[in-house]
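*Asks:* I have a structure I would like to understand better, so I am pasting it below and will then ask my questions one at a time.
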Amino acid sequence: MSTLVTPIRPASPSAPGPYEQFIADGREEVVAFYERLGDRQLAWNQRFRYFRTRLGSLLRHFIPRRARVLDIGCGTGDFLAELQPSEGAGIDCSPKMVELARARHPHLTFATGFGEKLDETSIPPGPYDYVTLVNTIGEMVDIRAVLRQIHRYCSSQTRVIIVQYNYLWEPICRLAARLGLKLDNPTPNWLSPRDLEGLLHLSGYEAVRHGSTMPLPIRVPGLNWLVNSLLGRLYGFRSLGFLSYVVARPIVPCGSSRRYGCSVVVPCKNEEDNIAGLVERIPEMGAGTEIIFVDDKSTDATAERVRQAIAEQPNRNIRLIEGPGQGKGAACRAGFAAATGNVFMILDADMTVMPEELPAFFDALTSGQGEFINGSRLVYPLADQAMRPLNILGNKFFASVFSLLLEQRIRDTLCGTKVVWRHDYEKILATRSYFNSCDVWGDYDWIFGAAKNNLKIVELPVHYRERTAGATKMTRRLRNAWIMLRMCGIALRKLRWL
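Convert by adding 1017 to the 1-based position in the sequence shown; the result is the number in our numbering.
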């Protein structure tokens, strides 16, 4: 499902005035700089190949191959080519840079134009999967106009990736330019992350994640690994990186929730006494709700109770799937492989999260407030026996660690209630191999996959109650804690080791 963003057209004055002339003069100054630079840009690129190699790796971390990519301020087009897009288009204000880009990468599309006037450029129409602005925001005279123009090339799934020089480095960059150690680019804008996020908000976007990287941007043998690969990735040092980045999504209304069907997957392992209550209490949502029970090799009458519910409730869409017997995560994957809805939900069969809370998750997703809605059991007071004290401490510890690793706040990593769009679940499923997952529960697969695909993670508080029937499956706490620590290590290497 992809919702095309309605283009936002800035108002056009009837006649040019002082402001319009000021903006035009600023743009022409940037054009003149790059026209004078000409072919020498290639020599500078070669001179700073270490920096450009690391920057290319950062972009590839965010953007998978075979995506549709629009690069604004593309320069010689090298970064766009490195991404190996299925369709790649680049725009640059300098005719000379566009000429170089076309000669170097004839399989891609390049056009001359200004970010503030994208509607006047001859590039393929959107939507694109990714729009990149790499070290160009600082040279733009009217950033808000550029961001508003980008909307015409976005869908609800597009991600806008902005990479810029860290504003903390401004004095060093100015000195390096005077000494001839760096190009003296026309860079009037040194934006802090808050400045940029404010402009994004005013222009109809929401920042999904942000950070800094590469404290040592030049090659110094023996120091690069220590500074960039070790110290620069530690909490407290990352803010000193030479580059800062923001990943944003366009804020797009999703339309009426009645358009979307919902699939609720309930993994079951010896939950015979809870089946009737689940069928009775899971509400109908949107265009219709299917309940998929996955019997994960139960040794009691769970499957029989589901079949009985199907016979007794012909008006409800209830299905029974046989699970592989390899844990909750594998059972959920089996259920979603058979699901038909637009919205995918997980609900634990023990009903410690009450089924009546599911519509709040459905509304949060279909209203566009988030793209991965994660339940949080640690906001409202817990029932006396709902969670053991050591489990509470462990959850809070790992939540703090994961918030740092994911660059999005996570309060509860193991709540069994999670909701995503079908198309985003497919992205999450595709990333399991990237993380070499050892997660038997499936919670980290979803959280890691959401972070890797730059989905907006939103937590929804739930009331966590005591189990009404059956026995808890969360035993062997030391073994489980060790698995969680391993998952933290995986997240550090795969999500933060940029």
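Quick reminder that beta carbons are idealized off the backbone N, C-alpha and C, glycines included.
Roughly how many angstroms separate the alpha carbons of ILE1178 and VAL1264, rounded to a whole number?
*Replies:* Those two C-alpha atoms are separated by around 5 Å.
*Asks:* So who's on the other strand from HIS1227, going by DSSP bridges?
*Replies:* VAL1263.
*Asks:* Got a sec, what are the start and stop residues for the alpha helix (DSSP H) SER1074 sits in?
*Replies:* Start and end: 1066 to 1079.
*Asks:* Quick one: is VAL1151 buried, meaning 16 or more other Cβ sit within 10 Å of its Cβ, or exposed?
*Replies:* Under this definition VAL1151 is a buried residue.
*Asks:* Quick check on the DSSP output: what are the complete alpha helix (DSSP H) runs of length 4 or more inside the stretch 1134 to 1170, in order along the chain?
*Replies:* As far as the stretch 1134 to 1170 is concerned, its whole alpha helix (DSSP H) runs of at least 4 residues are 1160 to 1167.
*Asks:* Should ALA1366 and SER1280 be called a contact, given that it needs their Cβ atoms to be closer than 7 Å?
*Replies:* Against a cut-off of 7 Å, the Cβ pair of SER1280 and ALA1366 comes out as no contact.
*Asks:* Go ahead and label GLU1483 buried or exposed: buried means 16 or more other beta carbons lie within 10 angstroms of its beta carbon, across all protein chains shown.
*Replies:* Exposed.
*Asks:* According to DSSP, is TRP1438 helix, strand or coil?
*Replies:* Strand, per DSSP.
*Asks:* Just to confirm my understanding: we take ILE1338, look at its own chain, exclude 5 residues before and 5 after, and list those with CB closer than 8 Å. What are they?
*Replies:* Answer for ILE1338: ILE1309, PHE1310, VAL1311, ASP1312, ALA1351, GLY1352 and ALA1355, listed in chain order.
*Asks:* Would you kindly work out how many angstroms separate the C-alpha atoms of MET1018 and MET1362, rounded to a whole number?
*Replies:* Since pLDDT at MET1018 reaches only 49, below the 50 mark, its modelled position is unreliable, and the value read off the structure follows with that caveat. Distance between the alpha carbons of MET1018 and MET1362 is about 17 Å.
*Asks:* For ILE1507, does the three-state DSSP call read helix, strand or coil?
*Replies:* Residue state, collapsed to three classes: helix.
*Asks:* Please list the segments of the alpha helix (DSSP H) lying wholly inside the stretch 1253 to 1301, counting only runs of 4 or more residues, in order along the chain.
*Replies:* As far as the stretch 1253 to 1301 is concerned, its whole alpha helix (DSSP H) runs of at least 4 residues are 1292 to 1298.
*Asks:* Suppose contacts are defined by Cβ-Cβ distances below 7 Å. Is VAL1048 in contact with GLU1156 by that definition?
*Replies:* Contact: no.
*Asks:* Work out the CA separation of THR1204 and SER1384 for me, nearest whole Å.
*Replies:* Going from the Cα of SER1384 to the Cα of THR1204 covers about 39 Å.
*Asks:* According to DSSP, is PHE1131 helix, strand or coil?
*Replies:* PHE1131 falls in the coil class under three-state DSSP.
*Asks:* On the criterion of 16 or more Cβ atoms from any shown chain inside 10 Å, does GLN1499 qualify as buried, or is it exposed?
*Replies:* One detail in the question is off: residue 1499 reads as Trp in this sequence, not Gln. TRP1499 comes out exposed.
*Asks:* Please name the residue in THR1153, ASN1062 and ASP1056 whose C-alpha comes closest to that of ILE1089.
*Replies:* Measuring from the Cα of ILE1089, the nearest candidate turns out to be THR1153.
*Asks:* Verify the contact flag: TYR1222, CB atom, against every heavy atom of the ligand MG, threshold strictly below 6 Å.
*Replies:* As for the ligand MG, it is missing from this structure, which has no ligand bound.
*Asks:* Going straight from the alpha carbon of LEU1382 to that of HIS1480, what length do you get?
*Replies:* So the two alpha carbons sit approximately 19 Å from each other.
*Asks:* How is PRO1478 classed by DSSP in three states: helix, strand or coil?
*Replies:* It is a strand residue.
*Asks:* Evaluate contact between the stretch 1184 to 1201 and the stretch 1296 to 1305, counting only Cβ atoms and requiring at least three cross-stretch pairs below 8 Å.
*Replies:* Too few Cβ pairs lie closer than 8 Å, so no.
*Asks:* May I have the straight-line CA-CA distance separating GLU1289 from GLY1342, to the nearest angstrom?
*Replies:* Roughly 16 Å separates the two Cα atoms.
*Asks:* What are the start and end residues of the beta strand (DSSP E) that includes ALA1106?
*Replies:* That run of the beta strand (DSSP E) goes 1104 to 1109.
*Asks:* Is there contact between the stretch 1459 to 1471 and the stretch 1414 to 1433, where contact requires at least three CB pairs shorter than 8 Å?
*Replies:* Short answer: they touch.
*Asks:* Mapping the DSSP letters down to three states, classify CYS1385 as helix, strand or coil.
*Replies:* It is worth fixing the name first, because residue 1385 is Gly in this sequence and not Cys. If DSSP states are grouped into helix, strand and coil, GLY1385 belongs with coil.
*Asks:* For HIS1124, count neighbouring C-beta atoms within 10 Å of its own C-beta (all shown protein chains included) and say buried if the count is 16 or more, exposed if not.
*Replies:* Exposed, because fewer than 16 other Cβ atoms sit within 10 Å of the Cβ of HIS1124.
*Asks:* In terms of residue numbering, what span does the alpha helix (DSSP H) encompassing MET1114 cover?
*Replies:* That run of the alpha helix (DSSP H) goes 1112 to 1121.
*Asks:* How many Å lie between ASN1245 and THR1230 at the Cα?
*Replies:* Cα-Cα distance, rounded: 8 Å.
*Asks:* Could you name the residues that DSSP lists as bridge partners for VAL1048?
*Replies:* Answer is none; VAL1048 lacks a bridge partner.
*Asks:* Measuring alpha carbon to alpha carbon, tell me which of SER1111, THR1485 and ILE1080 ends up nearest GLN1058.
*Replies:* It is SER1111 whose Cα lies nearest to the Cα of GLN1058.
*Asks:* Is ARG1426 helix, strand or coil when you go by DSSP?
*Replies:* DSSP places ARG1426 in coil when its eight states are reduced to three.
*Asks:* Can we say the stretch 1163 to 1170 touches the stretch 1130 to 1150, given the rule of at least three CB pairs closer than 8 Å?
*Replies:* Verdict: yes, contact present.
*Asks:* With the cut-off set at 7 Å, would you say GLY1358 and GLY1249 are in Cβ contact?
*Replies:* No, the pair does not count as a contact, with Cβ atoms beyond the cut-off.
*Asks:* Could you tell me whether the stretch 1318 to 1333 touches the stretch 1252 to 1262, where touching means 3 or more Cβ pairs closer than 8 Å?
*Replies:* Counting Cβ pairs under 8 Å, fewer than three are found: no touch.
*Asks:* My guess is that ASN1334 and GLY1303 are in contact by the Cβ rule of under 8 Å, so how many angstroms apart are they, rounded?
*Replies:* The pair is not a contact, with the Cβ atoms about 12 Å apart (cut-off 8 Å).
*Asks:* Considering only the alpha carbon of each residue, which of GLY1034, GLU1052 and PRO1267 lies closest to TYR1145?
*Replies:* Checking every option, the nearest Cα to that of TYR1145 belongs to PRO1267.
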